[in-house]
Amino acid sequence: MEKQIVLLPGDGIGTEVIKSAKKVLEAIAEEYHHTFTFTVHAIGGSAIDSNGDPLPPSTVEACKKADAILLGAVGGPKWDQNPSHLRPEKGLLGIRKALDLYANLRPVKAFEKLLHASPLKADRVQGSDLLIVRELTGGLYFGTPSERRDDGKSVVDTLAYTRTEIERIVDKAFQCAQGRKKHLTSVDKANVLESSKLWREVVEQKKADYPEVEVEHLLVDAAAMKLITNPTHFDVIVTENMFGDIISDEASVLTGSLGMLPSASLREDGVGLYEPVHGSAPDIAGQGVANPIGMILSAAMMLRHSFSLNEEAEAIENAVQSVLDNGYHTPDLRMHNGQKAGTKEMTDLIVDHIKTASASTCIMSC
Ligand code: NAD
Ligand code: IPM
Ligand code: MN
Numbered sequence: 001m002e003k004q005i006v007l008l009p010g011d012g013i014g015t016e017v018i019k020s021a022k023k024v025l026e027a028i029a030e031e032y033h034h035t036f037t038f039t040v041h042a043i044g045g046s047a048i049d050s051n052g053d054p055l056p057p058s059t060v061e062a063c064k065k066a067d068a069i070l071l072g073a074v075g076g077p078k079w080d081q082n083p084s085h086l087r088p089e090k091g092l093l094g095i096r097k098a099l100d101l102y103a104n105l106r107p108v109k110a111f112e113k114l115l116h117a118s119p120l121k122a123d124r125v126q127g128s129d130l131l132i133v134r135e136l137t138g139g140l141y142f143g144t145p146s147e148r149r150d151d152g153k154s155v156v157d158t159l160a161y162t163r164t165e166i167e168r169i170v171d172k173a174f175q176c177a178q179g180r181k182k183h184l185t186s187v188d189k190a191n192v193l194e195s196s197k198l199w200r201e202v203v204e205q206k207k208a209d210y211p212e213v214e215v216e217h218l219l220v221d222a223a224a225m226k227l228i229t230n231p232t233h234f235d236v237i238v239t240e241n242m243f244g245d246i247i248s249d250e251a252s253v254l255t256g257s258l259g260m261l262p263s264a265s266l267r268e269d270g271v272g273l274y275e276p277v278h279g280s281a282p283d284i285a286g287q288g289v290a291n292p293i294g295m296i297l298s299a300a301m302m303l304r305h306s307f308s309l310n311e312e313a314e315a316i317e318n319a320v321q322s323v324l325d326n327g328y329h330t331p332d333l334r335m336h337n338g339q340k341a342g343t344k345e346m347t348d349l350i351v352d353h354i355k356t357a358s359a360s361t362c363i364m365s366c
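In full-length UniProt numbering, the protein residues as written are 1 to 366.
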């Protein structure tokens, strides 16, 4: 298979972990006889520095032509005082909108070996395996520009959703639930917000199209509590943009680190941008210690969702699992035992495992 992949490293540890994903994909290409061609484009703070624009038009063009996109992370203190239109985050929001990537899938799975890396009790966390389906191109993040205001005395952000925007993300979540444990939790604030009332109405209407899926509604405050007190209760969670942002960082605590979570940002037709859930981590950038697993698992999601390369995606996931099972982990995973490894070392261990596993499969079946 021949594929063109655009890499958007961005800022901070984004530039470090994207190298890990590329290395892993090169190993997959070699072992499974694919040709992946990579081109690097600017986004975020580094694009402000190089092009005076957090999302240069050339980046958008390249992304539109690509078969899939991998993004590291954007942002950092250097650009924190910039005006809104010159913030790195504008680049990320801009590419999501330009490609209509409305469905953000954020799987959260507690690895057995890392149960003690979570500050939560291991017996609570054990068996956690959930998927957050976050609406990604609407809500507060994309309030009507003419209504957005900061005149020094008062500020306005608007939260708007159309019925169609809600329907398509709710459909996506039902479809995900059908392929999993058939349990869907819709998270909203319907006791206060108009947008949430419509959200709940749409979920109730869509229920009829997916009779096998059990549906519940939770208010976001209660959901935030339940997510860490009873995480195995959840299968698929569907929620609007900002709630999804917040509860996914919270859910990362189940895995031991924010650095563990991958994500896929998808359009209706399968076009996808794949990015870890974490940010540019200025506190550890440049030290070579960033956890590359969220990024590497995002590459696995790319193989599965955009290229239908399920075996190759599984090879990456198995390699991550094995390296963790062997006791290796980056320092963000606070464990008493095991072997500390940096970004490069973790990546090389994962790559080695992919190569050895594929060689042994070949001995058995070639
Ligand atoms: P962050 O996710 O960058 O970091 C939060 C904490 O988690 C930090 O202590 C960091 O060291 C740790 N962490 C995150 N990823 C890690 C990894 N892979 N390995 C080890 N430790 C990891 O969030 P923040 O500090 O609030 O934000 C920093 C910048 O990143 C801001 O400019 C923010 O806007 C941006 N951001 C970007 C994205 C994105 O590009 N998708 C996501 C979140 C935040
Ligand atoms: C994320 C990030 C972004 C978001 C920011 C950087 C705009 O936090 O991808 O989770 O809130 O969507
Ligand atoms: Mn976030």
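Yeah, the Cβ is synthetic: ideal placement off N, Cα and C, and Gly gets one too.
Output the boundary residues of the beta strand (DSSP E) element that contains residue i.
{"i": "residue 87", "result": "Careful: residue 87 lies outside any beta strand (DSSP E) and carries neither H nor E."}
{"i": "residue 103", "result": "103-109"}
{"i": "residue 9", "result": "2-10"}
Quick one: does the C-beta of residue i sit closer than 7 Å to a heavy atom of the ligand MN?
{"i": "residue 220", "result": "no"}
{"i": "residue 235", "result": "no"}
{"i": "residue 133", "result": "no"}
{"i": "residue 249", "result": "yes"}
{"i": "residue 155", "result": "no"}
{"i": "residue 277", "result": "yes"}
Does the beta-carbon of residue i, which I'm using as the reference point, lie nearer than 7 Å to any heavy atom of the ligand NAD?
{"i": "residue 330", "result": "yes"}
{"i": "residue 61", "result": "no"}
{"i": "residue 9", "result": "no"}
{"i": "residue 117", "result": "no"}
{"i": "residue 283", "result": "yes"}
{"i": "residue 52", "result": "no"}
{"i": "residue 122", "result": "no"}
{"i": "residue 257", "result": "yes"}
With residue i as the anchor, note down where its alpha helix (DSSP H) starts and where it stops.
{"i": "residue 174", "result": "163-178"}
{"i": "residue 24", "result": "14-32"}
{"i": "residue 36", "result": "No alpha helix (DSSP H) contains residue 36, which is instead part of the beta strand (DSSP E) from 35-40."}
{"i": "residue 229", "result": "220-229"}
{"i": "residue 188", "result": "From DSSP, residue 188 is part of no alpha helix (DSSP H) but of the beta strand (DSSP E) over 183-188."}
{"i": "residue 247", "result": "241-251"}
{"i": "residue 125", "result": "122-125"}
{"i": "residue 192", "result": "Segment: none, residue 192 is in no alpha helix (DSSP H) and carries neither H nor E."}
{"i": "residue 294", "result": "293-305"}
Apart from the five residues on each side of it in sequence, which residues of its chain come closer than 6 Å, Cβ to Cβ, to residue i?
{"i": "residue 128", "result": "110, 231, 232 and 254"}
{"i": "residue 98", "result": "60"}
{"i": "residue 313", "result": "300, 303 and 304"}
{"i": "residue 161", "result": "138 and 195"}
{"i": "residue 198", "result": "none"}
{"i": "residue 36", "result": "3, 5, 25 and 29"}
Can you find a heavy atom of the ligand IPM that lies under 7 Å from the Cβ of residue i?
{"i": "residue 245", "result": "yes"}
{"i": "residue 165", "result": "no"}
{"i": "residue 312", "result": "no"}
{"i": "residue 70", "result": "no"}
{"i": "residue 215", "result": "no"}
{"i": "residue 240", "result": "no"}
{"i": "residue 16", "result": "no"}
{"i": "residue 140", "result": "no"}
{"i": "residue 75", "result": "yes"}
{"i": "residue 309", "result": "no"}
{"i": "residue 273", "result": "no"}
{"i": "residue 99", "result": "no"}
{"i": "residue 93", "result": "yes"}
{"i": "residue 89", "result": "yes"}
Among the residues of its own chain, which have a CB less than 7 Å from the CB of residue i, if the five just before and after it don't count?
{"i": "residue 122", "result": "115 and 116"}
{"i": "residue 50", "result": "42"}
{"i": "residue 56", "result": "42 and 47"}
{"i": "residue 293", "result": "259, 260 and 320"}
{"i": "residue 243", "result": "187 and 220"}
{"i": "residue 351", "result": "23, 24 and 27"}
{"i": "residue 355", "result": "27 and 31"}
Pull up the DSSP beta-bridge partners for residue i, would you.
{"i": "residue 264", "result": "105 and 274"}
{"i": "residue 69", "result": "6 and 273"}
{"i": "residue 339", "result": "328"}
{"i": "residue 130", "result": "108"}
{"i": "residue 49", "result": "In DSSP, residue 49 forms no bridge with anything."}
{"i": "residue 150", "result": "155"}
{"i": "residue 353", "result": "BP columns for residue 353 are empty, so no partner."}
{"i": "residue 238", "result": "133 and 186"}
{"i": "residue 442", "result": "Absent from the model: residue 442. The displayed extent of the chain is 1 to 366, so no value can be given."}
Between residue i and the rest of its own chain, which residues show a CB-CB distance below 8 Å, the 5 nearest in sequence each way excluded?
{"i": "residue 249", "result": "258 and 277"}
{"i": "residue 196", "result": "188, 189, 190 and 240"}
{"i": "residue 298", "result": "21, 70, 262, 263, 264, 274, 275 and 276"}
{"i": "residue 84", "result": "90"}
Please check if any C-beta of chain D sits within less than 8 Å of the C-beta of residue i.
{"i": "residue 118", "result": "The chain inventory of the structure shown lacks chain D, comprising one protein chain alone."}
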